[in-house]
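Asker:
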Amino acid sequence: MNTFRCLFILAPFWLLNIVSGQIELGPLTQNHDQSVLPQLKVGTIDSSFIYSTDTLGLPFFDDFTTNKIQQYSPDFSSSLATSELYYYLIDQSTALPIANDLLFTNQVTFHRYFDPAEGTFTDTIFESQAINIADFSSYPVDYESVDLYPPYYIYDTLSPGDESDTVWIQNPPFFQDSARQFFLPVSDPNLLWVDNYAYHNYRYGDHPRTLGVMTFDGLDEYGYPYAIGTTSSGYADALTSKPINLSDMSPTDSIYMSFIYQPQGFGDEPESTDSLLLEFYDSANNQWNRIWGDTGRSVAPFRVVHLPLMGNNYFTDAFQFRFRNYGGLSGSLDHFHLDMVYLREATPPAYIDTVFKDFSFVYPVNSLLNEYTSVPWDHYRESIDNKMSAAMEVVVFNGSSGPENYQDGAIDIAYNGISEGNFILQGFTLAEQQINYAALDFATSYHDLKSGYEFPRDLLGVYEEFDVRLNASAQYPNYQPNDSTAFTQGFYNFYSYDDGSAEAAFGPTGVQARLAIHFEAYQPDSLIGVKLCFVPSVNDVSNKLFLLTVWDDENGEPGDVLYEDDVFNPRNPTYSQGNNQYLNYYFIDTMKVPVGNSFFIGWRQLDPERLNLGFDRNIDQSDEIFYSVNGGVSWLVSPFSGSAMARPIFSTQMDASLGLIEPETESMQIVIFPNPVRDEVFIKNAGGSSNEKLLLDAAGRVLMRTRQDSFDLQTMDSGIYFISVPQFSEKRYKVIKL
């Protein structure tokens, strides 16, 4: 067991800005990790845990397809938990805890005697007590010897009949307390690492060989800078292995450490003074020895490193290794990415040829929909045409040193754990329409999903989620966990282009600059707000102001303003705790803003600094990003590849659950059925013949009026219509004509 405690800026982010039309891309200074629970730093070990981990054997392998960092849960009820109780005050003479009802001060206190006849006084200092005082800030607990005194003074007058007065010190600082330190062993041979300072992710590596990398930067395990607001550099992240038992081996057994790494990737370029290091632990001398290192440079393909394990001091029952980075400490800067870490017994040259022979997905797939990663469930359910992707991208890597035969892959979709449907991923297409996968190469393919399964439209939920899993493989034995990738296709109340991961921050600069992101909705509807993911960059702009804005479409560019915040109620960028967190910016007074199929969301800023909206560099929807630096007179398209992390929120059935409207009672709800409809549509709970019903087109024009409880739509064109009962409710009810 082992015990341990957007101006858009492109490159390099920290040293300069590359400005294009006054829109910038920049690095992140924070990237909070939702999976890490912040620990309260209250200056005491009380009720804290020290964990000891299991010891692993060879081989040690991690391709970071999944997160294999040991998790630590403070389980007070565990039968394996032990504890030690420490008292704050210990009597030196008896080595016993001081009684709980005793109070002390480190001020010298005394008994004073006044002599009225002489006009003098004398003091007798109280006897001090030698007490050991505990330091609860760390374990093991240290004690310091201090002389303490009673927390009061006594005043006496040497006159017959006078009584003494006792004056107590208010809130004496020394009294008995205690702290209990807990100890818990944790054991999971499938988890390989003891710390979580480095960032496990699927998005920062540029063409990694497998799904997932470990990223090293200037952020700690909670996503905060190690030294915010500075330009200092130093050692930052560390990734430390669990202890590995090598006691029955020696340097003659050909133990090799192999890994691949990449500077920058989709992140910030590390300078030549930055570095990634590998260190081995020498337990005999209780020190870490540097074994390998490389300095920063611009993005390059992942490089392979093979190192023999030499030195008798490493062949113990508790060998460990760790990767560290040296770089900027003020944010998500100077990136290095690590993949395919492998420690095993191998004989040259076989270790070079076989260590990375694997077939894998390179990037996760985010959506089966065309254009969007999410759309409102109401909109999808009421859509008529096929919304599945016509060109879903799949990137795989053949790690074999020779060409390999392809195999068909598959997409499986499940709803509430029950299979809903599937697609076949043609192997010929996966292999870029070649006979074989090329040796040691990537293959990028695009798959048309419009001819197969569609997400069902007859589900009745306020929102819906589907579990999607993709599988692909080659015809040779390989590491299977990275032969698949899975995600949740969610339908909520917003449209999104991005994958939910910000690799940079961006925005226009200049007073009155405007940023507008274009969306093509499935149908006209009403917006209630915008989801924005602001991310801290080099400068904190959380006190800067902007006005949330919605524009209509005028020949493919932002046109008339449909909504803009009151200048007396501007907004601020807000940084939420948690990795890539969105904040909902609702319109003032819960206003609903009608929009057509094509519209723009964004802001007009009141300060010159860029506001640092999150920028997803993995999905390119840059042609939907517009900005203006001349008051909206002319608009430019973003020059940087990626997607803006801004999402329009529509008024849907989710409004009530979000507290935006009072839910209607059952007796108040108007029911439209059947919907979709081919001929006659019926209206229930609309007040009968006393209330007039209107049939409207998408532009709001009245097409029919009736006091009956139905409309005959048999002769109407297919499309979206609305039914309104003005005397009953302001709400318009959508109906789909097939």
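Just so we're aligned, residue 1199 is where the sequence shown starts under our numbering, counting upward by one. Even glycine gets a Cβ: it sits at the ideal position worked out from N, Cα and C.
#1: Can you give me the C-alpha to C-alpha distance between V1594 and P1792, rounded to a whole angstrom?
#2: Let's test the definition: count the other Cβ atoms within 10 Å of the Cβ of Q1518 and tell me whether it reaches 16, buried, or not, exposed.
#3: Leaving aside the five residues before and after K1929 along the sequence, list all residues of the same chain whose C-beta is less than 7 Å from its C-beta, in chain order.
#4: Please work out which residues of its chain come closer than 7 Å, Cβ to Cβ, to Q1237, disregarding the five sequence neighbours upstream and downstream, and give them in chain order.
#5: So which of S1839, T1408, Q1710, F1785 has the shortest CA-CA distance to G1830?
#6: What residue from P1924, R1845, I1715 has the CA that sits closest to V1835's CA?
#7: Along the chain, where does the beta strand (DSSP E) containing D1576 start, and where does it finish?
#8: Identify every residue that forms a DSSP beta bridge with L1475.
#9: Could you round the C-beta distance between P1706 and V1827 to whole angstroms and report it? I think they count as a contact, below 8 Å.
#10: Among D1261, H1535, I1352, whose alpha-carbon lies nearest the alpha-carbon of D1415?
#11: Please go through the same chain and pick out, in chain order, the residues whose beta-carbon is closer than 7 Å to the beta-carbon of G1403, but skip the five residues on each side of it.
#12: Taking all protein chains shown into account, do 16 or more other C-beta atoms lie within 10 angstroms of the C-beta of Y1919, making it buried, or fewer, making it exposed?
#13: Within the same chain, show all residues whose beta-carbon is closer than 7 Å to that of Y1311, passing over the 5 residues directly before and after it, in chain order.
#14: Quick one: is D1360 buried, meaning 16 or more other Cβ sit within 10 Å of its Cβ, or exposed?
#15: Any idea what DSSP makes of D1646, helix, strand or coil?
#16: Please look up how many angstroms separate the CB atoms of G1988 and N1778, rounded, as I've assumed it's under 8 Å.
#17: Could you pull out every residue in the same chain whose Cβ sits closer than 7 Å to the Cβ of I1823, ignoring the five residues on either side in sequence?
#18: Counting pairs of beta carbons, one from the region 1371-1385 and one from the region 1288-1303, are three or more of them closer than 8 Å?
#19: Is T1263 helix, strand or coil when you go by DSSP?
#20: Can R1407 and S1699 be called in contact, C-beta distance under 7 Å?
#21: Given P1370, which residues of its chain have a CB within under 7 Å of its CB, disregarding the five upstream and five downstream residues?
#22: So what's N1680 in DSSP terms, helix, strand or just coil?
#23: Entirely within the region 1319-1370 and at least 3 residues each: give me those beta strand (DSSP E) ranges in chain order.
#24: Among the candidates L1725, P1846, V1879, whose CA atom is the shortest distance from the CA of Y1780?
#25: Taking C-beta to C-beta, are N1568 and K1585 nearer than 7 Å?
#26: Tell me which residues share the same chain as A1396 and place their Cβ nearer than 6 Å to its Cβ, disregarding the 5 neighbours each side in the sequence.
#27: For the beta strand (DSSP E) holding T1992, just list the boundary residues, first then last.
#28: From what residue to what residue does the beta strand (DSSP E) around G1727 run?
#29: Return yes when at least one heavy atom of the ligand FAD lies under 6 Å from the C-beta of Q1687, else no.
#30: Just verifying my parser: in three-state terms, what is the DSSP assignment at Y1512?
#31: Determine the extent of the beta strand (DSSP E) in which T1413 is found, giving its start and end residues.
#32: Look at the Cβ atom of T1280, then the Cβ atom of V1392, and state whether they are nearer than 7 Å.
#33: At the level of alpha carbons, what is the spacing between G1757 and V1560?
#34: Measure the C-alpha to C-alpha separation of E1762 and Y1570 and round it to an integer number of angstroms.
#35: Taking Y1661 as the reference, give the member of A1641, E1591, Q1721, S1572 with the closest Cα.
#36: Just curious, the beta strand (DSSP E) that L1892 is in, first and last residue?
Answerer: In terms of the structure at hand:
#1: 43 Å
#2: buried
#3: Here the set comprises nothing.
#4: Note that Q1237 has pLDDT 36, beneath the 50 cutoff, so the model's placement of it is unreliable and no number is given.
#5: Q1710
#6: I1715
#7: Counting along the chain, D1576 falls outside any beta strand (DSSP E), though it belongs to the alpha helix (DSSP H) covering 1575-1579.
#8: For L1475, DSSP records a beta bridge to G1491, R1522.
#9: So it is a contact: roughly 6 Å between Cβ atoms.
#10: H1535
#11: V1411, Q1460, G1463, H1535, D1537
#12: Counting the other Cβ atoms within 10 Å of the Cβ of Y1919 gives 16 or more, which makes it buried.
#13: F1319, T1320, D1354, L1356
#14: exposed
#15: coil
#16: Since the first and last residues shown for the chain are 1199 and 1936, residue 1988 lies out of range.
#17: Beyond the five residues adjoining it in sequence on each side, I1823 comes within less than 7 Å, by CB distance, of I1715, V1835, S1836, A1842 in the same chain, given in chain order.
#18: yes
#19: coil
#20: In this structure, S1699 does not lie closer than 7 Å to R1407 by Cβ.
#21: L1301, F1302, T1303, P1349
#22: helix
#23: 1327-1333, 1340-1346, 1350-1355, 1363-1366
#24: P1846
#25: Yes, Cβ-Cβ distance for N1568 and K1585 is below 7 Å.
#26: M1412, F1414, D1435, L1437
#27: Only positions 1199 to 1936 of the chain appear in the structure, and residue 1992 is not among them; the question remains open.
#28: 1723-1730
#29: Of the ligands one can find in the structure shown there are none, so the ligand FAD has no counterpart to examine.
#30: helix
#31: 1411-1414
#32: no
#33: For G1757 and V1560, the distance between alpha carbons rounds to 40 Å.
#34: 25 Å
#35: S1572
#36: 1891-1894
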